[in-house]
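Novice: So that we are looking at the same thing, I have put the structure below in structure tokens.
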């Protein structure tokens, strides 16, 4: 349920970035597969949190970023869909996550 | 032609260090959602470092025995180190009351509907609590194995407490938390004879999500294994 408080932070960032404009029409978020955030829950919270703000009625666009890592044992780049995934090449769990932890407001469409 | 992206026209204006384009009115933001929390966390960390205070963020599901472990820790360390505690719960001050009875100053944060502590709440509580130099600050997060994983409070590290009654698969079911923690305390080991809990399997699961995780087995109630926890903490100090 921390999606609600994350969305509050999104609103603060959006309000700051949209200063001088009259309406926010679209918000683009980048959410990594390993960020611990449920995009559906974000979607649900979006409308509630944006109500009575410049972004009321705006569309939420979530750009999913896949999880990826570096296997420390075999020195290869690997796809990581879950934190407990072993390296598909050598079976080791010594994987340094290098991508997929993003939680960012990427851009906003305004008028 | 514009020199930014090569498009045919449009008016550009500088906007808060980034560009906005009149044509489709896209404003680049590129800001981490948790940036504000992380900034508060860094302020907390600097404040703690300047006073040489070790802060630990204790995370677990409800009922894992965090408060009992804290009370025991306070008893054990009394006279050698001053300890203060920040307690996070949705409601009531039961835990802060228990900690005060154990002999340490404590402040209770009620998060209301919130499911985790954030760095600003902890920063405000630190100012009120005003822990002394060279002391130990224990932060008991809201009982929840999901949300507190994402929020840096400015602590030295997260300690995940798992009681053996919860089942050995929890590190795999809640991987973000066990990935974020430096230590896993396996609590209530006095109950192991009555359970099917497989300790080795649990440790194996935890190491799948976090190969570096340190495991300390203890029973806060009987005191078994408590010395290992105290030794680790004193090593951190």
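Chains as they are written, first to last, in the working numbering: chain A, 142 to 252; chain B, 13 to 249. Every residue, glycine too, gets a C-beta built ideally from N, C-alpha and C.
DSSP on residue 33 (chain B), reduced to helix/strand/coil?
Specialist: Residue placement at residue 33 (chain B) is poorly supported in this model, since its pLDDT is 47, which falls under 50; the coordinates still yield a value, given next. Note: residue 33 (chain B) maps to strand in three-state DSSP.
Novice: Determine the direct distance from the alpha carbon of residue 197 (chain A) to that of residue 158 (chain A), and round the result to whole angstroms.
Specialist: Each residue's alpha carbon lies about 15 Å from the other.
Novice: Can you give the Cα-Cα distance for residue 33 (chain B) and residue 203 (chain A), rounded to whole angstroms?
Specialist: In this prediction, residue 33 (chain B) has a pLDDT of 47, which is less than 50 and means its spatial position is unreliable; nothing more can be read from the coordinates.
Novice: Quick one: grab the DSSP three-state call for residue 225 (chain B).
Specialist: coil
Novice: For residue 64 (chain B) and chain A, any beta-carbon pair shorter than 9 Å?
Specialist: no
Novice: List the residues of chain A whose Cβ lies closer than 8 Å to the Cβ of residue 161 (chain B), in chain order.
Specialist: 177
Novice: Counting only Cβ pairs nearer than 7 Å, list the residues of chain B close to residue 244 (chain A).
Specialist: 44, 45, 46
Novice: Are the segment 80-88 of chain B and the segment 122-135 of chain B in contact at 8 Å, needing three or more beta carbon pairs?
Specialist: no
Novice: At the 9 Å Cβ level, is residue 39 (chain B) part of the contact set with chain A, yes or no?
Specialist: yes
Novice: Provide the residue(s) that pair with residue 186 (chain A) in DSSP beta bridges, ordered along the chain.
Specialist: Its beta-bridge partners do not exist; DSSP assigns none.
Novice: Kindly confirm or deny that the segment 204-214 of chain B and the segment 233-244 of chain B touch, where touching means at least three C-beta pairs closer than 8 Å.
Specialist: no
Novice: Can you check DSSP and say which residues form a bridge with residue 196 (chain B)?
Specialist: Listed as beta-bridge partners of residue 196 (chain B) by DSSP are B:172, B:227.
Novice: Return the residues of the segment 222-233 of chain A that lie within a Cβ-Cβ distance of less than 7 Å from chain B, sorted by chain order.
Specialist: Per Cβ criterion, the list reads 223, 224, 225.
Novice: Suppose the cutoff is 7 Å on Cβ atoms and the five residues either side in sequence are ignored; what does the same chain contact list for residue 90 (chain B) look like?
Specialist: 115
Novice: In whole angstroms, what is the alpha-carbon distance linking residue 243 (chain A) and residue 228 (chain A)?
Specialist: 21 Å
Novice: Give me the DSSP bridge partner(s) of residue 166 (chain A).
Specialist: According to DSSP, residue 166 (chain A) bridges with nothing at all.
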